[in-house]
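Report on the structure given below.
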Amino acid sequence: MVQHGDRRAPDGACSANRLREVLGLRRVRLYDARSSCFTFLADNGVPDHILARWAGHTSIRMTKRWYVKPDVEDLRGAATTWDGLHGAGEEGQA
């Protein structure tokens, strides 16, 4: 173990960080990998309640807040739906 201030890092972690720096790779935290995994699963149709359970969250709201992120296609679909509703309302009033 190597001590960094009040925190201790395993020797393997220090070796991995040195190698990462030598290779010019960006630092990725374990949390980043977790976040990417759950966001990928959400984007590919895994139900929110399954994601919440797997993430260890007691609230689906928390899971959705952190991992379910709308992309451009989601926003485009919402805009199309809104246009359909808005257009239908105008036609009905004519």
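Terminal number for the sequence shown in this note's numbering: 244, no gaps in between. Cβ coordinates follow ideal geometry from the N, Cα and C atoms, glycine included.
### Residue closest to Arg211, alpha-carbon to alpha-carbon, out of Glu171, Leu169, Asp198 and Pro220
Asp198
### Pick from Cys164, Thr213 and Thr231 that is closest to Ser186, judged by C-alpha positions
That would be Thr213, whose Cα lies nearest to the Cα of Ser186.
### Query
When the Cα atoms are used, what is the spatial distance from Tyr217 to Leu225?
16 Å
### Message
Does His207 come out as helix, strand or coil in the three-state DSSP assignment?
### Response
coil
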